[in-house]
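One structure is given below, encoded as structure tokens.
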Amino acid sequence: MPLHCWSYLLGLICLVIGISIAWAPARMSAIYKALPRNKAAGYILSTIAWIWAGVALMTMGLDLLMPFQKYIPFAVLACIPLTWLWLGNLLSCRAIGAILTLFPYELLHVARVHTSPWRLVLVTLAYLCIVKGMILLLYPWKMRQAIDWLNGHLSVFRLAGVAHALLGALLIALGATVLR
-17 MPLHCWSYLL GLICLVIGIS IAWAPARMSA IYKALPRNKA AGYILSTIAW IWAGVALMTM
43 GLDLLMPFQK YIPFAVLACI PLTWLWLGNL LSCRAIGAIL TLFPYELLHV ARVHTSPWRL
103 VLVTLAYLCI VKGMILLLYP WKMRQAIDWL NGHLSVFRLA GVAHALLGAL LIALGATVLR
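For the sequence shown, this note's numbering assigns the number -17 to the initial residue and increments by one for each residue that follows.
This is the structure in structure tokens:
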């Protein structure tokens, strides 16, 4: 996918999340408060993360994994229910962390060859997502603590939504102009 499409996609995600938080902070606060312990969300997000990880392992072309490449789909299928069984507590937070560490792989490959210096905005965002994802994988309760803190400060939550929406608008504008 070209870099401007990545910019559009990430911008749209940020814009939708930011506008929904800014528009209805109390409603979104309740949704976010329920997310860390929501089993259905955890199952869906962790399944997406495992499938994405399996596809990434199969397409990376690592010589170390070549002898085992045909077993990766079976390992993914085995890991999905084991994750549900052993990591049920705060599974949504862990799965979001896994997705945040997985998505920048392709983005960084595309950004590497782009000529515009504005690509560094997406590169910086990608690395911030990787770090945030690693934190959520190792310390999933940090997401719950942050959500609880934001629930106590709805004006800060609304301000964060506005900032998120502005970031989304910036990413869409970059995709439409300098990252083409």
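For every residue, glycine included, the Cβ atom is placed at its ideal position computed from N, Cα and C.
**Item:** Integer Cβ distance of residue 43 from residue 147, believed to fall under 8 Å
**Value:** What you label residue 43 is simply residue 61 of the sequence shown in a count that begins at 1. What you label residue 147 is simply residue 165 of the sequence shown in a count that begins at 1. Incorrect: roughly 38 Å between the Cβ atoms, too far for contact.
**Prompt:** Ordered along the chain, which non-local residues of its own chain (more than five positions away) have a Cβ less than 6 Å from that of residue 157?
**Reply:** Position 175 of the sequence shown, counting from 1, holds the residue named residue 157. Result list for residue 157: -14, -11, -10, in chain order.
**Asked** Going by beta carbon distance, what residues of the same chain come within less than 7 Å of residue 51, once the five residues before and after it are set aside?
**Response** As a position in the sequence shown, residue 51 is number 69, starting the count at 1. Correct list, in chain order: 40.
**Message:** I'd like to know if the segment 21 to 38 and the segment 83 to 102 are in contact, where contact means that at least 3 CB-CB pairs between them fall below 8 Å.
**Reply:** yes
**Expected contact under 8 Å - CB spacing of residue 115 and residue 77 to nearest Å** = To locate residue 115, count along the sequence shown from 1; it is residue 133. To locate residue 77, count along the sequence shown from 1; it is residue 95. Actually they do not touch by this definition, with Cβ atoms about 10 Å apart.
**Message:** Please state the DSSP three-state secondary structure of residue 162.
**Reply:** Along the sequence shown, read from residue 1 onward, the residue named residue 162 stands at position 180. Note: residue 162 maps to coil in three-state DSSP.
**Whole-angstrom distance between residue 11 and residue -2, CA atom to CA atom** = As a working note, residue -2 is residue 16 in the sequence shown. As a working note, residue 11 is residue 29 in the sequence shown. The straight-line gap from Cα to Cα measures roughly 15 Å.
**Prompt:** From 5, 48, 80, 59, pick the residue whose C-alpha is nearest to that of residue 122; which is it?
**Reply:** On the sequence shown, residue 122 is found 140 positions in, with the first residue counted as 1. Among 5, 48, 80, 59, the Cα nearest to that of residue 122 is on 80.
**Request:** Could you have a look at residue 22 and say whether DSSP puts it in helix, strand or coil?
**Result:** On the sequence shown, residue 22 is found 40 positions in, with the first residue counted as 1. In this structure, residue 22 counts as helix in the three-state DSSP scheme.
**Asked** What do you reckon, are the CB atoms on residue 75 and residue 9 nearer than 8 Å?
**Response** The sequence position of residue 75 within the sequence shown is 93, counting from 1. The sequence position of residue 9 within the sequence shown is 27, counting from 1. In this structure, residue 9 does not lie closer than 8 Å to residue 75 by Cβ.
**Message:** Measuring only the C-alpha atoms, how far is residue 223 from residue 14?
**Reply:** In the structure as shown, the chain begins at -17 and stops at 162. Residue 223 is therefore absent and cannot be evaluated.
**Message:** To the nearest angstrom, how far is the alpha carbon of residue 92 from that of residue 98?
**Reply:** Stepping through the sequence shown from its first residue, residue 92 is reached at position 110. Stepping through the sequence shown from its first residue, residue 98 is reached at position 116. Taking the straight line from one Cα to the other gives about 12 Å.
**Request:** Write down every uninterrupted run of the alpha helix (DSSP H) in the segment 44 to 127 whose length is 4 residues or greater and which is fully enclosed by it, in chain order.
**Result:** 54 to 68, 73 to 84, 86 to 95, 101 to 120
**Request:** Kindly list the residues whose CB is nearer than 6 Å to the CB of residue -4, restricted to its own chain and excluding five residues on each side of it in sequence; keep chain order.
**Result:** Along the sequence shown, read from residue 1 onward, the residue named residue -4 stands at position 14. Cβ within range, chain order: 146, 149, 150.
**Prompt:** How is the alpha helix (DSSP H) around residue 135 delimited, first residue to last?
**Reply:** Here residue 135 corresponds to residue number 153 of the sequence shown, with the count starting at 1. Where residue 135 is concerned, there is no enclosing alpha helix (DSSP H), given that its DSSP letter is neither H nor E.
**Request:** Take residue 160 as the anchor and find which of 90, 100, 131, 107 has the nearest alpha-carbon.
**Result:** On the sequence shown, position 178 is the one that residue 160 refers to. Comparing alpha carbon positions, the residue from 90, 100, 131, 107 closest to residue 160 is 100.
**Request:** Identify, in the order they occur along the chain, each residue of the same chain with its Cβ nearer than 8 Å to the Cβ of residue 20, setting aside the five sequence neighbours on each side.
**Result:** On the sequence shown, residue 20 is found 38 positions in, with the first residue counted as 1. If we look at residue 20 and ignore the five residues flanking it on each side, its Cβ neighbours are 74.
**Request:** With distances taken Cα to Cα, identify the nearest neighbour of residue 71 among 109, -8, 118, 57.
**Result:** Stepping through the sequence shown from its first residue, residue 71 is reached at position 89. If we check each option's Cα against that of residue 71, 118 comes out closest.
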